[in-house]
Structure formats: C-alpha cells, structure tokens
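Number of protein chains: 2
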Amino acid sequence: MINIQRKTIQRQIIFDVLRSLEHPTVSQINDVIQKEHPAISKSTIYRNLRQMEDEKLVCRIWLPNDTERYDNNTTPHYHLKCTSCGTIYDIEPDTIEQKTKNPTNTATISTISTIVAKAIKKRYNFAVTKKDLVFSGTCGEC
Amino acid sequence: MINIQRKTIQRQIIFDVLRSLEHPTVSQINDVIQKEHPAISKSTIYRNLRQMEDEKLVCRIWLPNDTERYDNNTTPHYHLKCTSCGTIYDIEPDTIEQKTKNPTNTATISTISTIVAKAIKKRYNFAVTKKDLVFSGTCGEC
DNA sequence: TAGTATTTGATACTAGTTACTATTAAGGAG
DNA sequence: CTCCTTAATAGTAACTAGTATCAAATACTA
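Protein chains in written order, with the working numbering: chain A, 385 to 526; chain B, 385 to 526.
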C-alpha cells in the first residue's frame, strides 16, 4: 500500500471550490474555503492543489507579474492577460485561425506551436514537452 | 525637479552585478552583493530591479514553477527551460527558422508570433503588447 | 477492530511587497 | 566652491505569498 491517493474531505472541498472559480489565485480559493471551513490550513490547500496538478486534474499557470493561479481547463490552451482590468482569457489553440500570405493557407496556434517546437528541436536540440504562452495587452472591454 | 532618476552607488552596484550573471534570480543577485556590500538591503535590490525594468534596461522573466528572474538581454526573445538541469536558454526569435509544408516557405518565431498576435486581435479584439513564451523540456546536455 | 502509511495542521522558514522615516543626490543662490 | 533646499532614494520593519518539516490525526486494508 504505497502512494495511494486518499479521499479526504479537505481534498474534495478544495477541488469543488477550484472548479467554481475562473483562474483563481490561491488566495481567492482560500478566502472561499475559510468562510465555510476555517479549520482547513493553507498548507493543506497548497499541498492539494499541487497534488491535483500532478494528477492532471488542474493546471497551475504563471502569468507575468502575478501570483500563481490555477485553471480547471485541463485541455492544452494558452492565455491572454489584460494589463488594464486584469482579466485572464483562455485561447483555445485549435479554434483560432489566421490566413498566412497565401490565402489558401490557414494555421491554428496549435499547429504553429508544433512547428516552433520542431524548429527548437532542430536548432537547439531541445525536446519541448510543455508550452507556456502568455500574451499581455488590452482587451476589447478596456 | 520631479521623477528624475538619481545615480546612486547602490543602483550602479546592482546593475553591474545583474550584468555579470545569466538569468539570475533576485536571491543570486543578493548573494553576490552581500559579500562586498552587506549594508545594501533587499528592498533596495528589489526596488532598483523593478525600476530598471520600467526603464527597459533589463527584463523581468517569469518561468513556470520558479521564482522571478532578471535578464539583461533586452532585445525581444523567448525562453527554453530544461526541467532536468534547470538551465535557461534564450531563443532569438529572428534567427530560428523552420520550413512549413511548402518548401519555399520559411518562418521565424518572430513572424509567427506576429501572425498569432494579429489573429488574437481579430478573434478576441485583444491588442497584444507583450509576449511571454516559455518552452519547457529537456536540453541536449541532459 | 487494529495496523500503518498518507494526510492534516502547526510552525517556522524563504520570497517578495508595502509603508514609513532617515538619508542623500542634484540643482540653485550666494 | 560651499551651503541650502527638496524630492528621490535607502534602509527598517512589518506585512503577504509560498515552502518545508514534523507530530498528530485519519483513511484504507486486512
């Protein structure tokens, strides 16, 4: 009996709260949990979030000039961050398309990033396993 | 006399140390400075690094699962991080090239990221001003 | 129900920020 | 060149964010 994930109430609460929020910081998750369950410690929260990340139940995301955030969208995708209002948007890599110079050509971010990963392998002999792409700027609302 | 940047010895020391290191963390910068100048406080170090970032003298970079780092390469470029040895490599966006399906086509990361930024504008009405692209994986040495 | 390894919560630590007082660089007047 | 003024900067201390350690509690299995 080694390394089995146990089902604890704390773990279930943390997961549920995370699922109810959009790109929350740990502090936001903590605020919600404290109201109902003040006995749950921050160690437990951080620890469980990391564990869920390892299990691929959630993603931990790193945006410039921000604290760590969690994302319950586990499909591969990238992020936009509005530097004016702070909102974080998901970019779905396979839905976005852009014609290149040749009007019959279209490219998704997904295929583009695959091309880049191959180029990196060729040029730097570096095997890419994870891509963190963040675009900062101003959103349509601002 | 408002908002003039003053030339302080602390500022010069911090800048010189930063220039001598590759992608240093603040802790690495601090370690070097403390040996010669133990009186310089961490607030001063953090404050000056941020100020130099505002002046575009250095870049602050954010890598997944890492503390903040500074980069004295101020030309636009992206990063590779080896998850095995921890080494950080710069990708020069204009030097890397990769043929697309059409063998007469080549694309730099720079042009690709410009295409993506335009697509983001069209699709999400979001004006990209900064791109933070980090590729994690295993380097040739590991 | 008992045994045991995992998980929790507490505590103390490292990393980074903020607020505030004391110091100092730069510019002007004599 | 020296003194004065003043706003920017330095250092201190106290705070938020995140990590590590470890005894106590608890989930799982037999």
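Ideal Cβ positions, reconstructed from N, Cα and C, are used throughout, including at glycine.
### Task
Compare the C-beta of C531(A) against all C-beta atoms of chain B and say whether one is closer than 8 Å.
Nothing can be reported for residue 531(A), as the shown portion of chain A is limited to 385 through 526.
### Query
How about N432(A) and R390(A): do their beta carbons lie closer than 8 Å?
Contact: no.
#### Entry: Residue environment, H461(B), which counts as buried when at least 16 other CB atoms sit within 10 Å
So H461(B) ends up on the buried side.
### Query
Given that Q464(A) touches chain B, what residues does it touch there, using C-beta distances under 7 Å?
Note on identity: in this sequence residue 464(A) is Leu, with Gln being the wrong assignment. What L464(A) touches in chain B: I504, Y508, F510.
### Query
How about I499(A) and P477(A): are their beta carbons less than 8 Å apart?
Cβ atoms of I499(A) and P477(A): not closer than 8 Å.
### N- and C-terminal bounds of the alpha helix (DSSP H) containing S520(B)
Looking at the DSSP string, S520(B) is not in any alpha helix (DSSP H); the run it does join, the beta strand (DSSP E), is 511-522.
### Message
Assuming contact is defined by CB atoms lying nearer than 8 Å, are L464(B) and Y473(B) in contact in what I supplied?
### Response
With respect to the 8 Å criterion, L464(B) and Y473(B) are classified as neighbours on the basis of their beta carbons.
### Message
Quick check: what's the CA-CA separation for R434(A) versus R444(A)?
### Response
If I take the Cα positions, the gap works out to 8 Å.
### Minimum Cβ-Cβ distance from T451(B) to chain A less than 8 Å
So no, T451(B) is outside the interface.
### Alpha-carbon spacing of F510(B) relative to A423(B), whole angstroms
So the two alpha carbons sit approximately 45 Å from each other.
### Message
If you measure between the beta carbons of S520(B) and T513(A), is that distance less than 8 Å?
### Response
Against a cut-off of 8 Å, the Cβ pair of T513(A) and S520(B) comes out as a contact.
### Query
Which residues in the same chain as M385(A) place their Cβ atom closer than 6 Å to its Cβ, once the five residues preceding and following it in sequence are excluded?
Low per-residue confidence applies at M385(A): pLDDT is 36, beneath 50, and the placement is therefore not dependable enough to give any value.
### Task
Give a yes or no on whether the C-beta atoms belonging to I429(B) and N414(B) are separated by under 8 Å.
With contacts defined by Cβ atoms closer than 8 Å, I429(B) and N414(B) form a contacting pair.
#### Entry: Which of helix, strand or coil DSSP assigns to K502(B)
Helix.
### Task
Examine chain B for any beta-carbon lying closer than 8 Å to the beta-carbon of D438(A), and answer yes or no.
In terms of beta-carbon proximity, D438(A) stays away from the interface with chain B, with every pair separated by 8 Å or more.
### Query
Taking Cβ positions only, does S520(A) come closer than 8 Å to chain B?
For S520(A), the closest Cβ of chain B is nearer than 8 Å.
### Query
Given V416(A), which residues of its chain have a CB within under 6 Å of its CB, disregarding the five upstream and five downstream residues?
Around V416(A): V401.
### Message
For L405(B) and S411(B), what's the separation of their Cα atoms in angstroms?
### Response
About 12 Å.
### Query
P448(B) versus chain A: which residues are under 7 Å apart at the beta carbon?
Result: W446, D516.
### Task
Taking only the alpha-carbon atoms, compute the straight-line gap between T471(B) and K440(A) and give it to the nearest angstrom.
Near 25 Å, if we compare the C-alpha coordinates of K440(A) and T471(B).
### Query
From the beta carbon of T409(A), is the nearest beta carbon of chain B less than 8 Å away?
No, T409(A) does not count as interfacial toward chain B.
### Task
Show which residues of chain A have a CB atom less than 8 Å away from the CB atom of Y473(B).
Here the neighbours are Y508, F510.
### Message
If you follow the beta strand (DSSP E) that D474(B) is in, where does it begin and where does it stop?
### Response
First-last of the beta strand (DSSP E) with D474(B): 472-475.
### Query
If the cut is a Cβ gap below 8 Å, which residues of chain B does T513(A) touch?
Here the neighbours are T467, S520, G521, T522.
### Message
Quick check: is the beta carbon of I496(A) nearer than 8 Å to any beta carbon in chain B?
### Response
So, interface residue.
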